[in-house]
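Notes follow once the structure below has been shown.
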Amino acid sequence: MTEVNPAPTAPAGERPRPDAAPSLRGGLARLGEARHVGLIAALVLLAIVGLVTKPENFATSSNLVSVLALASTIGVITVGATFVIIGGGIDLSVGAVMALASVWATTLSTQSYGPVVMVICALAVGTGAGLLNGLLISYGRMVPFIATLAMLVAARGLAQRMSSQRTQLVQQDNSAIVDLSTTRVLGLPLLVYVFALVVALGWVLLNRTTFGRRTFAVGGNPEAARLAGIDVRRHTMVLYALSGLCCGIAAVLIMARTTTGSSTHGDLYELDAIAAVIIGGTLLTGGRGSIIGSILGLLIFTVITNLFILNGLNTSDQLIAKGLIIVIAVLMQRRSIRTST
Amino acid sequence: MTNNPGRRGFILGGAVIGAGALVTACTSNEPAQSAATTAPAAAAAPAGGNDQPGTPVTIGFSAPAADHGWIAAIAKNAQDAAKRYSDVTFKAVEPTNDINQQISAVESLIQAKVNVLVILPNDGEQLNQVARQAMDAGIPVINLDRVFPDKLSYRTWIGGDNYGMGVAAGHYIGKTLKDKGVSNPVILEIQGIATLPLTQDRSKGFADALKTYGFTVTAQQDAKFTVESGTQVAANLLQAHKKIDAIWNHDDDQGIGVLAAIKEANRNEFFMVGGAGSANAMRDIQADSGVLKATVTYSPTMAGSAITLARLIAQGKGMSDLLEKEVPQSLTLASETITKENAAEYLPLGFES
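Residue numbers (the numbering used here), protein chains in the order written: chain A, 70 to 410; chain B, 288 to 640.
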C-alpha cells in the first residue's frame, strides 16, 4: 500500500484496492477526466446561455475579469478546502477564520505597522486558527465537523468582539493593500494572479509531491496509511493549517476588494467552498478529488450569479439554481462511481 | 490576554512569526471608538423645564446584539442619552439576537420593577406578548423602531420611516436627473435583505417617488447589509449596465463595499445615494471626491430620543413644545437627505459603521 496513485485526476479509490489492475486504474483515470469534461460542458452551457440572453454584456472582457475577481477570494479558500476534504476531513470554519483574519489585520494598531505587517498578521491568524483546528482534531481526537464548527462560532465571535461589530476601513496609508484589487497587469487585477498562483502551487503540492500523495493515502484509508509509515496525525494537522493559511490569503484579498475588515465577511463561505469541492468531483469521504475540479465547480457558481444579475433575476432564484446544481452534480458523481466498481 | 482560551490559540498560531509581531497586531481599536458618536444628545431634548432633574427614574433597556454598525449605534445612543440626566438610572440587559433570551431579559426587567421600559425587539410579533405583560404590570413600554402589532403592548412608539427613506432617495435622484435633463435614465437599486418588510417599504417609497418624475427603477438587486455582499452585487450590476445614471444603495455599511466595486471597475458616469447615514458616508459626501453625493437618514439617534421620552413618561410630563400634557402615542422620524451642503451639520449624528 505504499504506492499511491500519482495520477492527478484519478487517485486511489476510496477503499484500499490492492488488486486493482492497471486497466481498471486507466478506466478510473478516464472517468476522472470525463468528470472534468462534464464540468467544462456545464460552463460552456452557461456561457451559451449568457451569450444568448445578454450578448452585449456577457462576453465582454470586463465581465470576464469581474467574474474572475469575484471568484478569487473564495477560490483561494476552495483550494485549502480541497486538501482537507481529500484528506478525509472537513473545515467548516473557513469563512469565520477569514473574517477574523481580516478584522485582526485591520485593527488600528495592526494598521499602524503598515501593509506588510497587515498581510503577515492575516496569514498568521489564518494559519494559527487552522493549526488549532488541526491540533484539536489530530491530537485532541475531536471529530472534524465538531472542532471546526466550534472554531466557526468562536472565531466569528472573537472577530465581532475585536471590531466592536464595526466595519474597519483600510486606512489611506495602507492603500497598498487595496492596490491588489485596483492595479491591473495585462488587464487583470493583481488579486486574480494571487488566486492563480495559489491554484498552481496547490496543484503542484497535491499532484507532484510526496505530501500530496500522502494526502490521498490519509484520506483514502488512514489505517493503511499509518501502516505504511505515514504520520497520519501530523499530516492531518498540517492539512488544517494549510486550509487556515488559505483563509489568511483570502482575508488579504477580501480586504483589497472591499477596502475593509469585518466580522461579517465570508458569511456561509464554508458551504460555498464545500459545494464547489463536491461538484468538482472530490469525495466527501476523502481519498480522491482534484483542485482543478473544485475551481471549475466554483466558477460554475460564480458564473451563475453573474448570469442571474445580468438578467435582473433575484437571489431566491439563484439559490434554487445552486441547490439543483449540487444535487445533479452529486447524482452524476454517484453514477460514475457505481459504474467504475 | 492569556485568560482567554480562544486567544491563547491564536497566540500559538502567531508563534509562526514570533510573539512580538502578534502583540503589535493586537486588538486595540481605541482611537476609532473615541471618535464615535458623542452628540446624540442634541436630538429631541425638549426645551424648557423638562431637562431639570425630577423624580428619579429607572429605565430598562433591551435591544438586539450588535451585528451591524447601526445596532451598535442604537445601544450607544441610548446609553449616552441616559447619562445626560442625573435623575435617570439606566438598566440595560445583555443584548441578544435570540428571541427567547430577549423575552427572558425583558421579564427580568419587569421583575426588577423598573419604572419604564425601552424595547427594540428582535421581532415585534414575537416579543409582543412580553411587552404586553409589562404594560399590564403598569410599566409603560417605549417601543423602538420595530413595532409591536398590538397597541396595548406599548405606550409610545418611536422609529424611523422606511417608506419615507425611499421617498427621500427617490426625490433626490428624480430631481437631480430632471434638472440635468436626462430622459429614460438608468436607475439602479441595491437593496438590503430583500425578505425584510423594511426593505420592501424602502423600495416602494423609492419607486413611488421616482414615478412622480416619470422615472422607473431599471434594475433591482438585493445584498445582505454586509460590505462583502455589497461588493459582489455591485461588481455584477456594473457589468450588467454599461451606462448608469444613478444608484440608490439602501445601506451605508454595505455601501462601503459598493463603492469599492465602483472604484475597482473605474466607473464614474453616475451618482450614488446612500442610506442610514453613517459618519463615513457623510465624510465621503462632504469631501465630494467620489460618486456618493447624498445619503438619506434612518438615524440611530432615535434610541436617545426614546430614552428622553421614557423619562418624560415616567415623570408624567409632556413634550413642552407641544400643547398636550402627555407624550404622543407615536413618533415617526422624518428621513433627512444629507448632501454636501449640510453634511457638516449632520456629521456629529452619524454613526461609525
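A virtual CB, placed ideally from N, CA and C, is assigned to each residue, including glycine.
Should B/T311 go down as buried or exposed, given a rule of 16 or more other Cβ atoms within 10 Å for buried? Only weak support exists for where B/T311 lies, its pLDDT of 43 falling under 50; the value from the coordinates is given anyway. Looking at its Cβ environment, which holds fewer than 16 other Cβ atoms inside 10 Å, B/T311 is exposed.
Using 9 Å as the threshold, is the C-beta distance between B/N546 and B/V583 below it? Reading the sequence as shown, one finds Leu at residue 546 of chain B and not Asn. No.
Contact defined as beta carbons within less than 8 Å: I believe B/L645 pairs with B/T505. What is the distance between those atoms, to the nearest angstrom? This structure does not reach residue 645 of chain B, given that chain B is present from 288 up to 640, and the question cannot be answered.
Consult DSSP for A/V148 and reduce its assignment to one of helix, strand or coil. helix
For the region 355-388 of chain B, list the alpha helix (DSSP H) runs that are entirely contained and at least 4 residues long, ordered along the chain. 356-371
Could you round the C-beta distance between A/I360 and A/W272 to whole angstroms and report it? I think they count as a contact, below 8 Å. 5 Å
Burial state of B/D540 (16 or more Cβ within 10 Å): buried
Between A/V263 and chain B, is any beta-carbon pair separated by less than 9 Å? no
Beta-carbon within less than 8 Å of A/R403's beta-carbon, same chain only, minus the 5 sequence neighbours each way: which residues are those? none
Per-residue burial, A/Y208 [other beta carbons within 10 Å of its own, 16 or more giving buried]: exposed
Could one say the Cβ of A/I215 lies closer than 9 Å to chain B's Cβ atoms, at least one of them? no
To which residues does DSSP link B/A533 through a beta bridge? B/I474, B/F558
A/L139 to A/L368, Cα distance in whole Å? 9 Å
Is the number of C-beta pairs between the region 390-398 of chain B and the region 429-442 of chain B that are closer than 8 Å three or more? no
Thinking just about the alpha-carbon of each residue, which of B/V428, B/I460, B/I543 is nearest to the one in B/S640? B/I543
Anything in chain B within Cβ reach of A/A138, meaning under 8 Å, just list it in chain order. A522, E551
List, in order along the chain, the chain B residues whose C-beta lies closer than 8 Å to that of A/L379? N523, Q526, A527
Could you list which residues in chain A have their beta carbon closer than 7 Å to that of B/A547, in chain order? R326, T327, T328
Proximal residues of chain B, C-beta to C-beta of A/T251 below 7 Å: K550, E551
If we count Cβ pairs, one from each stretch, closer than 8 Å, do we get three or more for the region 261-271 of chain A versus the region 171-189 of chain A? no
Pull up the DSSP beta-bridge partners for B/Q274, would you. The requested residue 274 of chain B does not occur in the structure, where chain B is confined to residues 288 to 640.
Proximal residues of chain B, C-beta to C-beta of A/P258 below 8 Å: E551
Give the interface partners of B/A353 over in chain A, defined as CB-CB distance under 9 Å, in chain order. Q229, S233, Q234, R235
Pair within 9 Å by beta-carbon distance, B/L404 and B/S349: yes
Let me confirm a value: A/K123 is counted as buried when at least 16 other C-beta atoms fall within 10 Å, else exposed. Which label applies? buried
Classify A/A81: buried if its beta carbon has 16 or more other beta carbons within 10 angstroms, exposed otherwise. For A/A81, the predicted structure reports a pLDDT of 42, less than 50, and the residue's modelled location is therefore unreliable. The matter cannot be settled from this model.
May I ask which residues mark the beginning and end of the alpha helix (DSSP H) holding A/G362? 360-379
Do B/A566 and B/G517 have their C-beta atoms closer together than 9 Å? no
Interface flag, B/Q616 vs chain A, CB-CB below 9 Å: no
Kindly list, in the order they appear in chain B, the residues whose Cβ is closer than 8 Å to that of A/S135. A522, N523, L525, Q526, A552
Write down the C-beta distance between A/N126 and A/L308 rounded to the nearest angstrom, noting that I regard them as a contact closer than 8 Å. Wrong, their Cβ atoms sit about 40 Å apart, outside the cutoff.
In chain B, which residues lie with their C-beta within 7 Å of the C-beta of A/S131? Q526
CB of B/K491 within 9 Å of CB of B/Y459, strictly: no
Within the 9 Å Cβ cut-off, does B/N387 reach chain A? no
Against chain A, does B/E556 count as a neighbour if the rule is that its beta carbon must be under 9 Å from one of theirs? no
Taking all protein chains shown into account, decide if A/F370 is buried (16 or more other Cβ within 10 angstroms of its Cβ) or exposed. buried
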